[in-house]
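Peer 1: Numbering (our numbering), first residue to last: -13 to 220.
This structure is in structure tokens; I'll ask about it shortly.
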Ligand SMILES: [Fe+2]
């Protein structure tokens, strides 16, 4: 009999099985859990984890400090990503075009493979809903756990990017989830495949089991959402 992993016993899924999003879904995160990235000024409260949707979607409440931002321009190879504004403003560049979400319920959908980044352009906190459609389990593992824990442990630069050897193994491990776009992925991949054996010998791991099982910083009560936001089926 195979035991379903408990909330603190999520493992590192392998790319080949994760993209299918079928079968047993590891419990990475649970509703109300809080994960924070102090480098980027991000706080995520889990609303609907991928484990409740068969891995199909993950819905997160995203709070962004004034000037806070996503770490690096990136793409999601197989996921759609939707941001819907609840409070404040959220600036998003996708495919070179800038949009500022500034109305409650205003939403933007980013297609797989489209380069994008976002930030809070104001002096007040921003609150938005982030929905990842497709590969949700792996998104939770990479963003909320691997990247955020690296930031908490001081293992990223000021922009929230993992330092080079760490970036090599994590970028290869999670290439199905997120790829930074500069330099080109083709050039990054060549570099990372040269560096990865060295990094692994030095003890770096792309998906750190300790991060996958680290307790959240706190458990929060989810805010009630206004009708304009609920219209997006959150
Ligand atoms: Fe994204």
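C-beta atoms are modelled at their ideal positions from N, C-alpha and C, and glycine is treated no differently.
1) Report the start-end ranges of each alpha helix (DSSP H) in the region 106 to 168 that is 4 residues or longer and not cut off at the edges.
2) Cβ of residue 67 versus every heavy atom of ligand 1: is any distance shorter than 6 Å?
3) Okay, do the region 141 to 161 and the region 104 to 113 touch, 3+ Cβ pairs below 8 Å being the bar?
4) How would you label residue 152, buried or exposed, when you count the other beta carbons within 10 angstroms and need 16 or more for buried?
5) How far does the alpha helix (DSSP H) with residue 176 in it extend, from its first residue to its last?
6) Do residue 182 and residue 206 have their C-beta atoms within less than 7 Å of each other?
7) Please name the residue or residues paired with residue 46 in a DSSP beta bridge.
8) Verify whether the separation of the beta carbon atoms of residue 59 and residue 103 is less than 7 Å.
9) At which residues does the alpha helix (DSSP H) containing residue 197 begin and terminate?
10) Take residue 162 as the anchor and find which of 125, 194, 188 and 146 has the nearest alpha-carbon.
11) Thinking C-beta only, is residue 119 closer than 7 Å to residue 98?
12) Using DSSP with H/G/I as helix, E/B as strand and the rest coil, what is residue 15?
13) Please state if the CB of residue 195 and the CB of residue 21 are separated by a distance shorter than 7 Å.
14) State the DSSP-derived secondary structure class of residue 93, mapped to helix, strand or coil.
Peer 2: In brief:
1) 122 to 125, 134 to 138 and 150 to 159
2) yes
3) no
4) buried
5) From DSSP, the alpha helix (DSSP H) with residue 176 extends over 171 to 187.
6) no
7) 32 and 116
8) yes
9) 195 to 198
10) 125
11) no
12) Residue state, collapsed to three classes: coil.
13) no
14) strand
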